[in-house]
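Q: Residue numbers (the UniProt record's numbering), protein chains in the order written: chain A, 1 to 338; chain B, 1 to 338.
If you scroll down you'll find the structure; I have some questions about it.
2 protein chains.
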Amino acid sequence: MRVTTIHAPGDIRLEERPEPEITAPTDAVIKITAGCICGSDLWPYRGANDVTPGTPIGHEMVGVVEEVGSEVRSFRPGDFVVVPFCTCDNTCPHCRHGAQSACLHGGMIAGGQGEYGLVSQAEGSLVKTDGPPDATMIPSLLTLADVFPTGWHCAVSAGVRKGDTVVVVGDGAVGLCGVLAAAQMGAERVIAMSRHEPRQQIARAFGATHVVAERGKEGAAAIKELTDGVGADAVLECVGTDDAMRQAFAVARPGSTVGFVGVPHGVDVPVARMFAKNIGLAGGVAPVRRYLPELLDLVTSGTVNPGLVFDTVLPLSEVAAGYRAMDERTAIKVLLEP
Amino acid sequence: MRVTTIHAPGDIRLEERPEPEITAPTDAVIKITAGCICGSDLWPYRGANDVTPGTPIGHEMVGVVEEVGSEVRSFRPGDFVVVPFCTCDNTCPHCRHGAQSACLHGGMIAGGQGEYGLVSQAEGSLVKTDGPPDATMIPSLLTLADVFPTGWHCAVSAGVRKGDTVVVVGDGAVGLCGVLAAAQMGAERVIAMSRHEPRQQIARAFGATHVVAERGKEGAAAIKELTDGVGADAVLECVGTDDAMRQAFAVARPGSTVGFVGVPHGVDVPVARMFAKNIGLAGGVAPVRRYLPELLDLVTSGTVNPGLVFDTVLPLSEVAAGYRAMDERTAIKVLLEP
Chain A
1 MRVTTIHAPG
11 DIRLEERPEP
21 EITAPTDAVI
31 KITAGCICGS
41 DLWPYRGAND
51 VTPGTPIGHE
61 MVGVVEEVGS
71 EVRSFRPGDF
81 VVVPFCTCDN
91 TCPHCRHGAQ
101 SACLHGGMIA
111 GGQGEYGLVS
121 QAEGSLVKTD
131 GPPDATMIPS
141 LLTLADVFPT
151 GWHCAVSAGV
161 RKGDTVVVVG
171 DGAVGLCGVL
181 AAAQMGAERV
191 IAMSRHEPRQ
201 QIARAFGATH
211 VVAERGKEGA
221 AAIKELTDGV
231 GADAVLECVG
241 TDDAMRQAFA
251 VARPGSTVGF
261 VGVPHGVDVP
271 VARMFAKNIG
281 LAGGVAPVRR
291 YLPELLDLVT
301 SGTVNPGLVF
311 DTVLPLSEVA
321 AGYRAMDERT
331 AIKVLLEP
Chain B
1 MRVTTIHAPG
11 DIRLEERPEP
21 EITAPTDAVI
31 KITAGCICGS
41 DLWPYRGAND
51 VTPGTPIGHE
61 MVGVVEEVGS
71 EVRSFRPGDF
81 VVVPFCTCDN
91 TCPHCRHGAQ
101 SACLHGGMIA
111 GGQGEYGLVS
121 QAEGSLVKTD
131 GPPDATMIPS
141 LLTLADVFPT
151 GWHCAVSAGV
161 RKGDTVVVVG
171 DGAVGLCGVL
181 AAAQMGAERV
191 IAMSRHEPRQ
201 QIARAFGATH
211 VVAERGKEGA
221 AAIKELTDGV
231 GADAVLECVG
241 TDDAMRQAFA
251 VARPGSTVGF
261 VGVPHGVDVP
271 VARMFAKNIG
281 LAGGVAPVRR
291 YLPELLDLVT
301 SGTVNPGLVF
311 DTVLPLSEVA
321 AGYRAMDERT
331 AIKVLLEP
């Protein structure tokens, strides 16, 4: 089968590899209907993370169950499933506590930009749709593997409540899903910080009531003006850089919480400001499975359409072009069809 | 009048200064019944903070209202009052949001180790007792100025809930009050990390169910064993050093929150661990006034006796000896009688 691998920064290849096989009774093999490129895939692509040449890359996929191990009882070949990017047994103490991304037996999906994928802990990880979904539903279902629950987790972590004024830092696909989450949670005002017109449009479609194009001090001043000098009730940091973190803390009101879901790279947490202003920081790797029942309902009922974040659809054979487009920010998020 | 001043690290003096005067209609002058030395007073004493020679020091006091400004309507001369170490109008947006320590018109009490103290924003800041309190009640009432609400805030920030297993890092007076707070909030197990027998005794009196004397990796291993490998549901970091912060994150379970109330000195927040394990960080300067009605009730009803943290009582004239005792950890907390 074909699967995407990374050999060095900027060096993405589609290679032939053996199809994955069941090696544990908790495994499942999925025939991938759609995969995609994550903002976090850009870290190794840009050389910010170490790369082992030839490593399969990609951790977001939806597809059809091909085969299951003997301990996987709730799924069978033919089921259409969403695969959370972090697997979990959904029964360990951390899972029961809602921290499925720290599952004692969990791991991370690899090789999601390919034709077949292996899922460990399939019983605890997967969720299935009622029958095969309509093709138009695939993009939104695919967001459930990572980007939508990650944005959702950021809003949960920031403690978004009905009536709040929420600021979202970052207009990547996660930030846009953060806007969607905050709006769904009843935020009265959702302020998207974005300089890019196409992203601003999606933000508004997702429920942003305001867009602030300025950054840094000017951005903070704009938020201050919008909030009568008070600051935001909750802030979603959806990037993972030090600039984004500083921006988030600069606009958070005293007593609020900054949610964060972007993998931190070079982030120096402003602990003195946190202390002086009682601004908390919460978040991390999204416990996707925890949110899936609720979010799958939102998607299949048509209440939300997070699939809008996919502004580019490419055949798997053009995966390298997909990486370039996301790296150059000419694409928001690229869906790959095997 | 006499008031304590600091001239350089280690140089504490009792000096004659003019009695404070009402200069704003929101001011009140308090005749101090009791003041005390705070762990945070040791930062400048030890040279960790800059010192302006001759600065009055001390921010915790209770006493009797001597005089009030024209806009102070709820208090009059003769009232016995608790003075929160950070003043607030209790009406600004931050106060209404529960972040009184970030009040737009607030400030910090100075000169609390003296005979008379000035309180700005007296109407919003002060709370009074029903009549003059019994002398035996003074120590516990004095803890309401800072140390008890600060420990309480740490437990609130860490999200302590009924049935939780809570770890308290730091066996200073704040940490001990954190133990008391966690126990009052219904924690099933409160694990105090303490190596000092007298402090362990107070921790147990305050509701600690377990004491762990080990620190660092050994301390973390002991907590892990106590929690079946899971970690604590909530952790209270009551010191402010990097070691204490690392200890706190090392024992917090995935999905939990570390509360922090010790003024951070050289703290490098372990953001990678926070992210990987979804452990939040929340807290800061305690919004004392927010908690005072509830905590004053707990004290005056005799439900709690936080005054036990005062293991040393000295006349104001011996304030310098009080600092030495706290610096050398021969005293937990020193009460000063003018």
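Heads up, the beta-carbon is just placed ideally off N, CA and C, and yes, glycines get one too.
As the structure is a computational prediction, the values presented were derived from the model and not from experiment.
1) So what does DSSP say about A/Leu226, is it helix, strand or coil?
2) From the DSSP output, in three-state form, read off B/Ile202 for me.
3) Give me whichever residues DSSP pairs with B/Phe80 in a beta bridge.
4) Quick check: B/Pro149 and B/Ala244, are their CB atoms within less than 7 angstroms of each other?
5) Could you tell me if A/Ala135 is buried or exposed, where buried requires 16 or more neighbouring beta carbons within 10 angstroms of its beta carbon?
6) Quick check: the Cα distance between A/Asp252 and A/Ala234, rounded to an integer number of angstroms?
7) Using 7 angstroms as the limit for Cβ to Cβ distance, is B/Leu281 near chain A?
8) Does the distance from the C-beta atom of B/Val319 to that of B/Thr4 stay below 7 angstroms?
9) Indicate whether A/Phe310 and A/Pro93 have their beta-carbon atoms separated by less than 7 angstroms.
10) By DSSP, does B/Met185 sit in helix, in strand, or in coil?
11) Can you say whether B/Arg199 is buried or exposed, counting buried as having 16 or more other CB atoms within 10 angstroms of its CB?
12) Say whether chain B places a C-beta atom closer than 7 angstroms to the C-beta of A/Lys224.
13) Is the beta carbon of B/Glu60 less than 7 angstroms from the beta carbon of B/Phe85?
14) Going along the segment 193-212 of chain A in order, which residues come within less than 9 angstroms of chain B, judged by CB to CB distance?
15) Tell me the residue span of the beta strand (DSSP E) that contains B/Ser256.
16) Starting from the Cα of A/Gly39, find the closest Cα among A/Gly259, A/Met108, A/Met326 and A/Ala24 and give me that residue.
17) Pick helix, strand or coil for A/Ala8, following the three-state DSSP scheme.
18) DSSP puts A/Cys36 in a beta bridge; with which residues?
19) With a CB to CB cut of under 8 angstroms and the five nearest residues on each side skipped, what residues in its chain are close to A/Pro292?
20) Using DSSP bridges, identify the partner residues of A/Arg73.
21) Taking the alpha-carbon positions, what's the A/Glu225 to A/Val271 distance?
22) Between which two residues does the beta strand (DSSP E) harbouring B/His59 extend?
23) Where do the ends of the beta strand (DSSP E) carrying B/Asp233 lie?
24) What do you reckon, are the CB atoms on B/Pro306 and B/Leu180 nearer than 7 angstroms?
25) How would you call A/Glu237, buried or exposed, if buried means at least 16 neighbouring beta carbons within 10 angstroms?
26) Which residue comes first and which comes last in the alpha helix (DSSP H) that contains A/Pro315?
27) Looking at the strands, I want to know which residues DSSP matches up with B/Glu15.
28) For residue 387 of chain B, name the three-state secondary structure that DSSP assigns.
29) Quick one: measure Cβ to Cβ for A/Ala34 and A/Val62, integer angstroms, because I've assumed they're closer than 8 angstroms.
30) For the candidate residues A/Gly98, A/Thr165, A/Ala8 and A/Gly114, whose alpha-carbon lies nearest to that of residue 355 of chain A?
31) Run through DSSP, which three-state label would B/Lys217 get?
32) Please list the partners that A/His94 has in chain B, where partner means a Cβ-to-Cβ separation under 8 angstroms.
33) In chain order, what residues of the same chain lie with their CB nearer than 6 angstroms to the CB of A/Trp43, ignoring the 5 residues before and after it?
34) Any beta carbon of chain A sitting closer than 7 angstroms to that of B/Val168?
35) Can you give me the C-alpha to C-alpha distance between B/Thr55 and B/Arg46, rounded to a whole angstrom?
36) Could you compute how far the alpha carbon of A/Val267 sits from the alpha carbon of B/Pro53?
A: Looking at the atomic coordinates:
1) helix
2) helix
3) B/Val64
4) no
5) exposed
6) Looking at the sequence shown, residue 252 of chain A is not Asp but Ala. If I take the Cα positions, the gap works out to 6 angstroms.
7) yes
8) yes
9) no
10) coil
11) buried
12) no
13) yes
14) none
15) Ala252 to Phe260
16) A/Met326
17) strand
18) A/Leu335
19) The amino acid at residue 292 of chain A is misidentified as Pro; the sequence shows Leu. Hits under 8 angstroms: Val82, Pro84, Val127, Leu144 and Pro149.
20) Beta-bridge pairing links A/Arg73 to no other residue.
21) 25 angstroms
22) Where B/His59 is concerned, there is no enclosing beta strand (DSSP E), given that its DSSP letter is neither H nor E.
23) Ala232 to Glu237
24) yes
25) buried
26) Per DSSP, A/Pro315 belongs to no alpha helix (DSSP H); it is in the beta strand (DSSP E), Thr312 to Pro315.
27) B/Val3
28) Nothing can be reported for residue 387 of chain B, as the shown portion of chain B is limited to 1 through 338.
29) 6 angstroms
30) No statement about residue 355 of chain A is possible, as the shown extent of chain A runs from 1 to 338 and does not include it.
31) helix
32) Val230, Arg253, Pro254 and Gly255
33) Asn49
34) no
35) 15 angstroms
36) 37 angstroms
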